[in-house]
Structure formats: C-alpha cells, structure tokens
Amino acid sequence: MIQSFARRTILVAIAALAFATGPGAAQDDVPVVAAASDLKFAVEEIAAAFKADTGHEVKLSMGSTGNFATQIREGAPFQMFMAADQKFIADLHAQGFTRDEGTLYAEGRVVLMVPHGSPLKPDEALDNLAALLDEGKITRFAIANPEHAPYGLRAEEALKHRGLWEKIQPHLVLGENISQAAQFALSGNAEGGIIAYSLALAPQVSAQGEYALIPDDWHEPLLQRMALLKSAGPVAEEFYAYVQSPKAREIMVKYGFVLPEGN
C-alpha cells in the first residue's frame, strides 16, 4: 500500500521531504545538521540564506526526531540537532551527547490536511471527519508514527481529545516521519491526514489540497528545541547562531512557527 502511494508522481515535491544527506558524509567544514521533517521547507531556506550571507554550507538530514535521537546515541556524526520535541534534547543532554540544554527555537502546530477531490472537508473541530467515520466513508487517514515522531504523537492526542482515536485506528496509515505522512495524506489514496502546519503552508503542498488548523489546546505543545552536539565545529556553531537571527526567525514565521517569547 505504501509503495503505491510513493508512485504518485503529482507529489514529487513532497516525496523529496524524506530525502536526507547521510551523516556519513560529515566533514569538519560542512557539518551535518539533523533536522525534524516539519522543518523541511523552512530550514532549507535558512540554510540557503546562511550560505549566501556567510559563504559556509551545512548539509541537512531530514527525518523523525525519535529516530535521530537513536542515531545520535549510536554515534552518528551529526554536529547539530533540531528536534520537533524538546524532551529529546533534554534526554540527550542528560546522557551527555549535547554541549548544553540547547535553545527553544519554535513552537509548531498541526493541521487537518485534505487533498483536492476528497469527500472529507477540513474544519478545525474535525466534525466532518467524525461524521464520515460514522458513515464508513474514511478508508485511509495519514499521521506520522506516534512512537517516534512528535507530530504523530500530537495527532494522536488531538484525535483522542476529539473522541475519534478508537474509530480511526483501523484506517490509519503511518508515515515514518511527518513529511511522509504528508505524502500519504495528499496521495489521493487517503481521505486526508494530520500534518505539520509548516508543511501545509509550503506552496508545493498547499497546491495539493486544503487544511484547517487544529486547536492547540487539543494536544501537548510542540516545543521545538535545538542543540549543538559535542562534536560541533565552528561552522555548526555559526549556523546555530544564525538560526536565531532575525532573518532566520522571519523565515520560521513564514512557515507558521510560533517564536518563543523573549527570544
């Protein structure tokens, strides 16, 4: 079933969300940054601006926060980690993998995303989703895997809050990360899914469907924290500071992220 989704050519741009430059290619002067998949479009813009402004380059590896945390514990040579949930940074710091507790750089949101032509209509209360589940008209619904993807866990929490979790479980298609969940949600083989607001705002994604913001009090906050790892070199340090610059923060806001107060 997942293979059939991947063959959909209309979503080539989203299929690229899963692309990652392998950590094995890390070099002292071109650090590899592990970044949660919800950052796909935002962090690529930031990295491009960083290169234009400084002449320095970083390699981006996109994936699920939980999987990256495991890879870091196993010795993957990342120099910086941009997580979608700050608890992973806290755990890694407690285990001695990061220089410090890191910096809270953004808060994320989740949306109900619906492809064009779907019988499902996006509404923030998920009333239409509830109605179609009762009518047996939801066959597949995409979220990221809650076991290791923070956006998937927040989707689960929101669905539980709305009282839909038990009904929707038989219809779930789980993405390895939130980027793959977006691919599945918009493939035409699913009625929709819950994805990151930051992905829904990207033109490559928004052209494929419609979305509705899910109330942020339906789930725990998506507090996103980043940290330098013990192996970080000067370019990684410079990029870490650049992500906190006004130019980078403006890019984050463009993709729907809420900036932390006081930063």
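Those letters in the sequence shown? Residues -26 to -1, 1 to 237, per mature numbering (1 follows the signal peptide of the UniProt record, and there is no 0), in order. Ideal Cβ placement from N, Cα and C applies to all residues, glycine included.
Roughly how far, in whole angstroms, is the beta-carbon of residue i from the beta-carbon of residue j, given that I think they are within contact range, below 8 Å?
i           : j           : result
residue 51  : residue 161 : Residue 51 to residue 161, Cβ: 34 Å. No contact.
residue 78  : residue 103 : About 31 Å separates the two Cβ atoms, so there is no contact after all.
residue 125 : residue 222 : With a Cβ gap of about 21 Å, residue 125 and residue 222 do not count as contacting.
residue 172 : residue 229 : 4 Å
Just how far apart, CA to CA, sit residue i and residue j?
i           : j           : result
residue 271 : residue 69  : Outside the displayed span of the chain (-26 to 237) sits residue 271, for which this structure offers no information.
residue 61  : residue 26  : 32 Å
residue 209 : residue 82  : 26 Å
residue 202 : residue 170 : 24 Å
residue 166 : residue 44  : 30 Å
residue 56  : residue 197 : 11 Å
residue 120 : residue 3   : 35 Å
residue 30  : residue 17  : 15 Å
residue 110 : residue 145 : 10 Å
residue 122 : residue 91  : 31 Å
residue 207 : residue 164 : 44 Å
residue 41  : residue 233 : 25 Å
residue 225 : residue 9   : 15 Å
residue 74  : residue 35  : 21 Å
residue 155 : residue 180 : 15 Å
residue 191 : residue 212 : 35 Å
residue 14  : residue 105 : 33 Å
residue 178 : residue 22  : 18 Å
residue 113 : residue 184 : 19 Å
residue 127 : residue 28  : 37 Å
residue 49  : residue 115 : 35 Å
residue 242 : residue 151 : Since the first residue shown for the chain is -26 and the last is 237, residue 242 is missing from the structure and cannot be characterised.
residue 76  : residue 66  : 10 Å
Is it buried or exposed for residue i, if we count other Cβ within 10 angstroms and need 16 for buried?
i           : result
residue 72  : buried
residue 176 : buried
residue 143 : exposed
residue 235 : exposed
residue 217 : buried
residue 96  : buried
residue 227 : exposed
residue 12  : buried
residue 149 : buried
residue 38  : buried
residue 47  : exposed
residue 129 : buried
residue -2  : With a pLDDT of only 37 at residue -2, under the threshold of 50, the placement of this residue in the model should not be trusted; the figure read from the coordinates follows. It is exposed - the Cβ of residue -2 has fewer than 16 other Cβ atoms within 10 Å.
Between the Cα of residue i and those of the options, spot the shortest distance and give me the residue it belongs to.
i           : options               : result
residue 147 : 117, 89 and 141       : 117
residue 94  : 123, 203 and 186      : 186
residue 140 : 210, 107, 42 and 75   : 107
residue 134 : 114, 201 and 168      : 168
residue 54  : 214, 150, 100 and 196 : 214
residue 98  : 136, 111 and 200      : 136
residue 279 : 123, 22 and 89        : Since the first and last residues shown for the chain are -26 and 237, residue 279 lies out of range.
residue 6   : 127, 123, 131 and 33  : 33
residue 131 : 75, 194, 28 and 38    : 194
residue 182 : 65, 188 and 174       : 174
residue 188 : 112, 84 and 153       : 84
residue 101 : 172, 200, 138 and 220 : 138
residue 64  : 152, 153 and 199      : 199
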